[in-house]
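Q:
Residue numbers (full-length UniProt numbering): 1 to 413.
#1: Run through the stretch 310-384 for me and flag every whole alpha helix (DSSP H) of 4 or more residues, listed as ranges in chain order.
#2: Give a yes or no on whether the C-beta atoms belonging to residue 109 and residue 128 are separated by under 9 Å.
#3: Determine the burial state of residue 150: buried for a count of at least 16 other Cβ atoms within 10 Å of its Cβ, exposed for fewer.
#4: Determine the contact status of residue 190 and residue 66, defining contact as a CB-CB distance below 9 Å.
#5: For the putative contact between residue 305 and residue 350, defined by C-beta atoms under 8 Å, what is the C-beta separation to the nearest angstrom?
#6: Strictly by DSSP, which residues pair up with residue 98?
#7: Excluding the five sequence neighbours on either side, which residues of its own chain have a C-beta within less than 6 Å of the C-beta of residue 15, listed in chain order?
#8: Could you check what DSSP says for residue 202 in three-state terms: helix, strand or coil?
#9: Residues in its own chain within less than 6 Å of residue 139 by CB, not counting five upstream and five downstream?
#10: List in chain order: all unbroken alpha helix (DSSP H) runs of 4+ residues lying wholly within the stretch 147-196.
#11: Hey, would you say residue 308 sits closer than 9 Å to residue 315, going by beta carbons?
#12: So for residue 249, helix, strand or coil by DSSP?
#13: Going straight from the alpha carbon of residue 213 to that of residue 263, what length do you get?
#14: State the start and end residues of the unbroken beta strand (DSSP E) segment that holds residue 232.
#15: Do you know how far the Cα of residue 251 is from the Cα of residue 387?
#16: Quick one: what's got a C-beta closer than 7 Å to residue 321's C-beta in the same chain, skipping five residues either side?
#17: Count the C-beta pairs between the stretch 86-94 and the stretch 211-227 that are closer than 8 Å, then say yes if the count reaches three, no if not.
#18: Nearest-angstrom Cα distance between residue 318 and residue 223?
#19: How would you write the range of the beta strand (DSSP E) that residue 269 sits in, first residue to last?
#20: So, for residue 210: in the same chain, excluding its five sequence neighbours on each side, which residues have a beta-carbon less than 6 Å away from its beta-carbon?
#21: Alpha carbon to alpha carbon, what distance is there between residue 232 and residue 421?
#22: The beta strand (DSSP E) that contains residue 13, what's its start and end?
#23: Rounded to whole angstroms, what is the Cα-Cα separation between residue 384 and residue 206?
#24: For residue 340, which residues of its own chain have a beta-carbon under 6 Å away from its beta-carbon, when the five flanking residues on both sides are left out?
#25: If you draw a straight line from the alpha carbon of residue 162 to that of residue 170, how long is it in whole angstroms?
#26: Does the separation of the CB atoms of residue 326 and residue 283 fall below 9 Å?
#27: Establish whether the CB of residue 113 and some CB of chain B are separated by less than 9 Å.
#28: Using a Cβ-Cβ cut-off of 6 Å (strictly less than) and excluding sequence neighbours within five positions of residue 256, which residues of its own chain qualify?
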């Protein structure tokens, strides 16, 4: 009989069709103020955490897209639901699941009370198809089927549809999840929150991947532009090896808050026998690093390091924020090249940056190899001997930080 039932013509076929989509759109039109309010509140909370409107909009778009997509997928799947009445049986197909009931055992069609699940955009009723024992065969959301569909089914079956007699009957006919609305609501909320969390986590991972990809691409482009110009014939002090292992004198690191806004920090290593680094070569290398500029990637910091003696640790570091004052750096380096520091100074770091207030900041910091008074005093005197010392914030520290001068006063007062 089963094979014959499948091949026999249907007396009546009810299809959910696009009714679910129309109901969803009607819900959206009716409840859009509440939806917009929730989006604004959630967007403000997300912005407070991210401090980025672009990231907030991306997250909001992903969450809304995920929710709307889930509703669309559900309605699309449910739109394939059918109720087929043949000569011998009633076949209900939902979400790929097929349920069969002999036609002779169909007892009645009972309309439930108004359901809040319809979002009140249209009257929402669940229809219960019962068997001859008055037990539920299936419960179907009436608002997801065309108007009058179940009335047509009842006429074809020759039975009169009726409303539930009381709350007790509706509870008896309802599926378990409908009997425990509170539990179902809590579980649905947990599932929804879990889905949103997964969407946000996926969005964060995708954003991190895009940022990392943009950073690596910017680093590669910077290396491709600068490294070919770093030749020993042009720059005599480039450091091409480390502990007898060939290395590149150029290093670059990128950071990006957004894929379209990558900031690069570039550094070039020099090595030589002289105590002070060559001024002209250093300034040329700083300009070379700051020169590349592409849409979405900017070199913000450039530095040059110079090692003159590994044993004594004579090291010079020049750190320049591209766009900051280069003149004071060049003047200091030129003077230092003509007046090399004594062994009292182990390391010198010269910085020229732009503060958050937009003011130029210039700083020179020296480390003294030991804490003896004579060496410490010699380091201070050397720094103050620079003609432009009053234009630079001077600091002196010993290696153990047992003494330090965060502000060196060269006025003699």
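Every residue, glycine too, gets a C-beta built ideally from N, C-alpha and C. Predicted model, so just to flag it, every value in this text is computed and none were measured.
A: In brief:
#1: As far as the stretch 310-384 is concerned, its whole alpha helix (DSSP H) runs of at least 4 residues are 327-338, 373-384.
#2: Yes, these two residues count as a Cβ contact at 9 Å.
#3: Buried is the call here.
#4: In this structure, residue 190 sits away from residue 66, with a CB-CB distance that is not shorter than 9 Å.
#5: Between residue 350 and residue 305 the Cβ distance is about 11 Å, and since that is not below 8 Å, they are no contact.
#6: Answer is 93, bridged to residue 98.
#7: Closer than 6 Å at the Cβ level, and outside the excluded window around residue 15, lie 82.
#8: Three-state result, residue 202: helix.
#9: Annotation for residue 139: 126, 128, 175 place their beta carbon closer than 6 Å to its own, counting only its chain and skipping 5 residues before and after.
#10: List check, alpha helix (DSSP H) in window: 149-157, 167-173, 176-179.
#11: At a Cβ-Cβ threshold of 9 Å, residue 308 and residue 315 count as neighbours.
#12: In the structure shown, residue 249 sits in coil (DSSP, three-state: anything other than H, G, I, E or B).
#13: Rounded to whole angstroms, residue 213 to residue 263 spans 13 Å at the Cα level.
#14: Under the DSSP assignment, residue 232 falls outside any beta strand (DSSP E); it carries neither an H nor an E label.
#15: Rounded to whole angstroms, residue 387 to residue 251 spans 33 Å at the Cα level.
#16: Cβ within range, chain order: 300, 301, 352, 353, 354.
#17: Counting Cβ pairs under 8 Å, fewer than three are found: no touch.
#18: When rounded, the distance between both Cα atoms is 20 Å.
#19: Segment 261-271, the beta strand (DSSP E) holding residue 269.
#20: Contacts found: 259.
#21: What is shown of the chain runs 1 to 413, which leaves residue 421 out entirely.
#22: That run of the beta strand (DSSP E) goes 12-15.
#23: Looking at the two C-alpha atoms, the distance is approximately 53 Å.
#24: Closer than 6 Å at Cβ, skipping near neighbours: 275, 276.
#25: For residue 162 and residue 170, the gap between their C-alpha atoms comes out near 12 Å.
#26: Going by C-beta atoms, residue 326 is nearer than 9 Å to residue 283.
#27: Looking at the structure shown, chain B is missing, and only one protein chain is on hand.
#28: Counting only Cβ-Cβ distances below 6 Å, and skipping sequence neighbours, we find 211, 214, 215, 262.
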